[in-house]
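S.K.: This structure is in structure tokens; I'll ask about it shortly.
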Amino acid sequence: MSSTPIASKIIPKASRVKIDPAQIEYTSDKQKNAVQALIDEFTISPELLKDIKNNFMEGMQKGLKKDGETLAMITSYVMGRLDGSEVGSYLALDVGGTNLRVVSVHLTGGGEISTRQTKYRIDEKLKVGDAKALFDFMAVCVDNFLDEHQIVVRGDTQIELGFTFSFPVLQTSINRGTLISWTKGFNAAGMVGKDPVAYLQDAFNRRHIPVRVAALVNDTVGTLLAHAYHHPDTVMGVILGTGCNGAYIEQISNIEKWKGDAAAKEMVINMEFGAFDKERAILPLTMFDNKMDRKSVNPNKQILEKMIAGMYLGEITRNVLLNLIDRRLLFEGHISPDLNQMWTFETAYMSTIEADASPTLHATRKILESTLSFPATSLNDRQIVKLVVELVGKRAARLSAAAVAGILEHTGAWKQKSAIGIDGSLFEYYPSFDTDIMDGLEEVFGAAVRKNISIGLAQDGSGVGAALCALLAAKHSNGVV
Ligand code: BGC
1 MSSTPIASKI IPKASRVKID PAQIEYTSDK QKNAVQALID EFTISPELLK
51 DIKNNFMEGM QKGLKKDGET LAMITSYVMG RLDGSEVGSY LALDVGGTNL
101 RVVSVHLTGG GEISTRQTKY RIDEKLKVGD AKALFDFMAV CVDNFLDEHQ
151 IVVRGDTQIE LGFTFSFPVL QTSINRGTLI SWTKGFNAAG MVGKDPVAYL
201 QDAFNRRHIP VRVAALVNDT VGTLLAHAYH HPDTVMGVIL GTGCNGAYIE
251 QISNIEKWKG DAAAKEMVIN MEFGAFDKER AILPLTMFDN KMDRKSVNPN
301 KQILEKMIAG MYLGEITRNV LLNLIDRRLL FEGHISPDLN QMWTFETAYM
351 STIEADASPT LHATRKILES TLSFPATSLN DRQIVKLVVE LVGKRAARLS
401 AAAVAGILEH TGAWKQKSAI GIDGSLFEYY PSFDTDIMDG LEEVFGAAVR
451 KNISIGLAQD GSGVGAALCA LLAAKHSNGV V
């Protein structure tokens, strides 16, 4: 049982030594020039960061006007804010990352939350197989969780569940919607255009599992709600993990496409910002990005997500390394059979390599030689690998900064004290992602932004946030919370 699952904290900085390209002892001018070309290609200048931010803001405006735009700007049906006084016990089911999680959340008021959770690995075959089998698996996991934690339901009552389903879903009420597309390697057949809640509820009902899906929640919306439970000045929830996306609080009067209740003043918008620049108009895509995109399960989609998110960074890095190897500019032109396989260079390796501050790059050597089975590597090899990792990682953080800056400028939130809750493995574990984002914000808004904006890790935002959403939905049974 954990009792402080989403406390906002400033992430401790990993000690970090960047490779200075001028200090590398290059084996040839050709190698030096190749490294310089990569630096040029992967560096997002302050001017480009601002251009991307401006383009992003135009995309936000378009998406608020009508459905079907590149930035979907989905109305979440979550209106109003939380103040931490909410109480109750709920279940949350979190689907959309590497693992599926079932969480039981107990809100005791006064910002106190306790949770219990179990993680279940989703088999790769289930992700791309039959949709019914995938939803049946979810129901079985919830059933097992109820048994494991001896959660007993009496009489005819049902447990209310918040369903964090972290894919683009066009919501039609707080617990209804249709899947626009799959992302993050999921591609279960026949689901696009269907309601994931209906599938899940049907799977519960067929098994007589006494659970009612009370709320359908995107992980960004959950993160925003969960962070707001502790920090009422929260304006935005962001996920930087397997995928990436953001949600923020918008004025209803700015949402031209909204045809529903106009009485409320605010609405949480799930932006689906990973889809930004489908048109390839502004993002500085390299041949390494294009190669990865072509071979992904959703080519030409989620272009920004593919330059930021943990699912893809390792593969982009691998593509760069392969290119250097093919040109005999790295590892003397030798490839390891492991690195030759797609998706083998995990983003988690990048975190370790980024944090490697040893003079001989010991941790980097371990990954290359022990994990990826390269024969003896030279210091020059390891320095170049680390530099490539740094370029890909920093570009991701600066693109995240452009998106966050776009939201802050659109809402004007940068001018006052505002909190941003961020969840996801990339943000949590990748060294100095937070500092790189803050540096980017400073380039856009000036140094004062550091005083106004606090970026906090909203751990378990999706679990707790889904429970908060279920609570709000139960309070307001009219379908709008
Ligand atoms: C999905 C979003 C989600 C994000 C982070 C994206 O692939 O489309 O709905 O919020 O990943 O999990």
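Number 102 in the UniProt record's numbering belongs to position 102 of the sequence shown; there are no gaps in the numbering. Even glycine gets a Cβ: it sits at the ideal position worked out from N, Cα and C.
Whole beta strand (DSSP E) runs in the region 398 to 429 with 3 or more residues, listed along the chain?
M.R.: Counting whole runs of 3 or more residues, the region 398 to 429 contains the beta strand (DSSP E) stretches 418 to 423.
S.K.: So is the beta-carbon of Thr98 under 6 Å away from any non-hydrogen atom of the ligand BGC?
M.R.: Thr98: no, Cβ never under 6 Å from the ligand BGC.
S.K.: By Cβ distance, which residues of its chain are closer than 6 Å to Ile122, with the 5 residues on each side in sequence left out?
M.R.: Only Leu100 meet the Cβ criterion.
S.K.: Taking just the CA atoms, how far does Leu82 sit from Ser418?
M.R.: Rounded to whole angstroms, Ser418 to Leu82 spans 15 Å at the Cα level.
S.K.: Go ahead and pull the three-state DSSP assignment for Gln459.
M.R.: Residue state, collapsed to three classes: coil.
S.K.: Is any non-hydrogen atom of the ligand BGC found closer than 6 Å to the C-beta of Lys184, if you look at the structure I gave you?
M.R.: Flag set: Cβ of Lys184 near the ligand BGC.
S.K.: Our contact map puts Thr164 next to Gly96 with C-beta atoms below 8 Å; I'd like the distance itself, whole angstroms only.
M.R.: Sure, about 7 Å apart at Cβ, within 8 Å.
S.K.: Does the distance from the CB of Thr242 to the CB of Gly310 come in under 7 Å?
M.R.: Cβ distance < 7 Å, so Thr242 and Gly310 count as in contact.
S.K.: Which one of Glu390, Asp147, Glu369 has the shortest CA to CA distance from Thr317?
M.R.: Minimum Cα distance to Thr317 is reached at Glu390.
S.K.: Tell me where the alpha helix (DSSP H) around Asp439 begins and ends.
M.R.: Taken as a continuous stretch (DSSP letters only), the alpha helix (DSSP H) holding Asp439 covers 433 to 445.
S.K.: Pull up the distance between the alpha-carbon of Ala275 and that of Met350, whole angstroms please.
M.R.: Those two C-alpha atoms are separated by around 24 Å.
S.K.: Run through the DSSP bridge pairs and tell me what Glu112 is partnered with.
M.R.: Answer by DSSP bridge pairing, in chain order: Gly109.
S.K.: Would you check if the region 395 to 409 and the region 51 to 63 touch, i.e. whether three or more CB-CB distances between them fall below 8 Å?
M.R.: Yes, since at least three Cβ pairs between the region 51 to 63 and the region 395 to 409 fall closer than 8 Å, the two stretches touch.
S.K.: Tell me which residues share the same chain as Arg207 and place their Cβ nearer than 7 Å to its Cβ, disregarding the 5 neighbours each side in the sequence.
M.R.: Only Ala139, Asp143 meet the Cβ criterion.
S.K.: Taking 6 Å as the cut-off, is the C-beta of Ser166 nearer than that to any heavy atom in the ligand BGC?
M.R.: Yes; taking the cut-off as 6 Å, the Cβ of Ser166 has a heavy atom of the ligand BGC nearer than that.
S.K.: So if DSSP puts Thr178 in a beta bridge, which residue, or which two residues, is it bridged to?
M.R.: Looking at the DSSP assignment, Thr178 forms a beta bridge with Leu170.
S.K.: Contact defined as beta carbons within less than 8 Å: I believe Leu304 pairs with Leu283. What is the distance between those atoms, to the nearest angstrom?
M.R.: Between Leu283 and Leu304 the Cβ distance is about 6 Å, and since that is below 8 Å, they are a contact.
S.K.: Is Lys301 helix, strand or coil by DSSP?
M.R.: Coil at Lys301, not helix or strand.
S.K.: Just mark Gly177 as buried or exposed, buried being the case when its beta carbon has 16 or more other beta carbons within 10 Å.
M.R.: Label assigned to Gly177: buried.
S.K.: For the structure I just gave you, are there three or more beta carbon pairs, one from the region 426 to 441 and one from the region 65 to 78, closer than 8 Å?
M.R.: With a cut-off of 8 Å, the region 65 to 78 and the region 426 to 441 do not count as touching, because too few Cβ pairs lie within range.
S.K.: Secondary structure at Arg328, three-state DSSP: helix, strand or coil?
M.R.: Here Arg328 sits in coil by DSSP.
S.K.: Pairs of beta-carbons, one from the region 160 to 174 and one from the region 458 to 470, closer than 8 Å: are there three or more?
M.R.: In short, these stretches touch, since the Cβ pair count reaches three.
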